[in-house]
Amino acid sequence: MLNLPKVWTSCGGNPSTYESRFGFSPRPFQSMARQVALKMSEPGIIVVEAPMGEGKTEAALMMSEILADRFGYNGLYFALPTQTTADRIFVRMKKWLDTFSDGTRTINLAHGKSKYNKEYREVPKMSWESSEDRVVIHEWLCGLKRSLLSDFVVGTVDNVLMCGLKRKHLVLTHLGLAEKVVIVDECHAYDSYMGSYLQKALEWLGAYHVPVVLLSATLPSKRRRELVAAYLKGQRIRLKPEESNAVEYPLITYADGEKTHQVSCTHSQRSMTVSIKKISEEEFMSVLDKVSSGGGYVAVLLNTVKRAQ
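The opening residue of the sequence shown carries number 45 in the numbering used here; numbering runs sequentially from there.
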């Protein structure tokens, strides 16, 4: 007996849920995203375009909670372009899941170096015995072919792109994604080769009526139309040009049945002061030691290969 946890049932994302989930009140853009998810009459695709720092990740998690509750989906796959970005989102999703109080949820980090991730290794393991922990890794779902069957999965985008390939055990990939809300971050970051597989994957997800949320800060309007059209193609719906030609920013584009809508809102009006200080090469190492004393990353840009080396 595998003793898999019960199916996740979302609470629907009430307005007060933002503070309990993330510790702050929603910004105007995030409130608009929530309203879009509540307004949709059936599962569809949502394209979110907003600047960095506006809270697209929190908005996407809240939308997934609402969409899962309204349309009966029991999990989430969060796709990122790299293993590093997947590792960071894994930590944030784990904190999000810790705010749920109803039952045990299985989580997984789906990329080739997940065993080296400290936060992933610290998640309690569950096998055939019952678990009192709310977020666990089920040992049976840790296999390479079964990882997408966990309730909540963070991983690289190639797991979504696999939908468009003819390969062994493809049915498990489709099964794992067909029951979830799928979020694809940085959807602009893929070249023509990967982009063609992303469109094929969206076509499959559209055929399954899987809710899809695409996130980007710099998505060209042409690419936006291609992605929405690919999803609608899976539902045998043709995207009309006039339904996706808005140029406002931030912008949310969403397909609701045969109609595609676009809504814009003001950003949070947050401001930042940046100072520029010129230093000599002799001062460089001492300044570098000072600014990095508390940790973090420092980017050093040089104008020749020789100096960089």
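Note that the Cβ used here is the ideal one computed from N, Cα and C, for glycine as well.
Per-residue DSSP class, three states only, for residue i
i, result
"M170", "strand"
"G97", "coil"
"Q306", "strand"
"A26", "Nothing about residue 26 can be read from this structure; the chain reaches only from 45 to 353."
"L332", "helix"
"D300", "strand"
"H218", "helix"
"I110", "helix"
"S260", "strand"
"Y293", "coil"
"V201", "coil"
"R269", "helix"
"Y121", "strand"
"I133", "helix"
"V80", "helix"
"T148", "coil"
"A154", "strand"
"F68", "coil"
Cβ separation of residue i and residue j, assumed to be a contact under 8 Å, to the nearest whole Å
i, j, result
"V135", "I151", "That pair is no contact at about 11 Å."
"H311", "E98", "6 Å"
"K189", "H218", "12 Å between Cβ atoms; not a contact."
"V80", "I89", "Their Cβ separation, rounded to whole angstroms, is 11 Å, which puts V80 and I89 out of contact at 8 Å."
"L221", "V201", "L221 to V201, Cβ: 12 Å. No contact."
"V226", "A123", "7 Å"
"R65", "T143", "5 Å"
"S194", "H182", "7 Å"
"R78", "M106", "6 Å"
"L283", "V92", "Incorrect: roughly 18 Å between the Cβ atoms, too far for contact."
"S308", "E292", "4 Å"
Chain-order list of residues whose beta-carbon lies under 6 Å from that of residue i (same chain, five-residue window excluded)
i, result
"S32", "Outside the shown range of the chain, which is 45 to 353, sits residue 32, and nothing can be said about it."
"E197", "The amino acid at residue 197 is misidentified as Glu; the sequence shows Val. Closer than 6 Å at Cβ, skipping near neighbours: Y121, N152 and A154."
"M206", "T217"
"M84", "D300"
"L346", "A352"
From the options, residue whose alpha carbon lies closest to that of residue i
i, options, result
"G180", "G250, H232, M170 and I296", "The sequence given here places Val at residue 180; Gly does not occur at that position. Residue M170 is the option with its Cα nearest to V180."
"A112", "T128, F68, A154 and V256", "V256"
"P285", "G278, R267, Y293 and P294", "R267"
"K224", "R351, K210, I320 and S108", "S108"
"A94", "R71, G116 and K83", "R71"
"E287", "Q306, P294, K277 and L276", "Q306"
"E63", "L48, S260, W140 and R114", "W140"
"F73", "K303, R178, A104 and D235", "A104"
"L242", "Y275, P264 and M329", "Y275"
Beta-carbon proximity list for residue i, same chain, < 7 Å, skipping 5 on both sides
i, result
"V342", "L332, V335 and S336"
"R269", "L283 and S288"
Neighbourhood of residue i by C-beta distance below 8 Å, restricted to the same chain and skipping five residues each side
i, result
"I133", "T101, F122, L124, V198 and D229"
"G278", "L246, E247, W248, L249, G250, A251 and Y252"
"Y234", "P125, V201 and L242"
My parser needs the beta strand (DSSP E) runs of 3 or more residues fully inside the stretch 204-258; what are they?
225-228
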